[in-house]
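Quick note on our numbering: the sequence shown kicks off at -18 and runs consecutively. For reference, the structure is listed below as structure tokens.
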Amino acid sequence: METKRVFKFFTAWNLEKEEAFLRKMHQQGWALQKYNLMYTFKKTEPKDVIYKADFRLVYRDSKEQQQEYFEIYEMSGWERVTSFTRWNYFCKEVEEVNELPDIYSEKETRIQKLNELLVFFVIMLAAILPSMYNLFIS
């Protein structure tokens, strides 16, 4: 099996660019296989496949909640590709011309994702600020 590894950086608030990159790679015959700071692709038949990245903190303590979360997306036709930390990558083949399926069927789900990202960044900022303070004050 032929594979390709690509290092590319995308910010959490600019997921559309990452998702467009993954879609273009699949259209060129490279399907996302794994992500862990580098994208690993496997050679495949070129297809138009939509990729979506989702961030979740809610199931961090429960394997049952995690499994339920994955099953909800599978029932909606999304295939889980890979996960890295709390980021989960899903894909779905485009069935009709100009079809752009979205992973969020409800506005509340999108808001929940943004709230969880905000909580994550606040926690990270709170962890980093004391070190930054010591670095610049010392």
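Ideal placement from N, C-alpha and C gives every residue a C-beta, glycine not left out. Remember, it's a predicted structure, so these values are computed and weren't measured experimentally.
Short of 7 angstroms in beta carbon distance, which residues of its chain neighbour residue i, apart from the five on each side in sequence? Order them along the chain.
| i | result |
| --- | --- |
| F51 | R61 |
| Y114 | none |
I'd like the span of the alpha helix (DSSP H) that includes residue i, first residue to last.
| i | result |
| --- | --- |
| K44 | 44 to 56 |
Which term fits residue i, buried or exposed, when burial requires 16 or more other beta carbons within 10 angstroms of its beta carbon?
| i | result |
| --- | --- |
| R4 | buried |
| F22 | buried |
| V30 | buried |
| K44 | exposed |
By Cβ distance, which residues of its chain are closer than 8 angstroms to residue i, with the 5 residues on each side in sequence left out?
| i | result |
| --- | --- |
| F(-9) | K(-2), E(-1), F2 |
| W11 | K(-15), F22, K23, K24, T25 |
How far does the beta strand (DSSP E) with residue i in it reach, from first residue to last?
| i | result |
| --- | --- |
| L13 | 11 to 16 |
Going by DSSP, what residues sit across from residue i in a beta bridge?
| i | result |
| --- | --- |
| R61 | F71 |
| F22 | K(-15), L13 |
| I31 | K73 |
| K117 | With the sequence shown as reference, residue 117 is identified as Phe, and Lys is not the correct amino acid for it. Answer by DSSP bridge pairing: none, since F117 is not bridged. |
| F(-9) | F(-9) is not bridged to any residue. |
| F36 | W68 |
Tell me which same chain residues have a C-beta within less than 6 angstroms of the C-beta of residue i, skipping the five on either side of it?
| i | result |
| --- | --- |
| K73 | I31, G58, W59, P82 |
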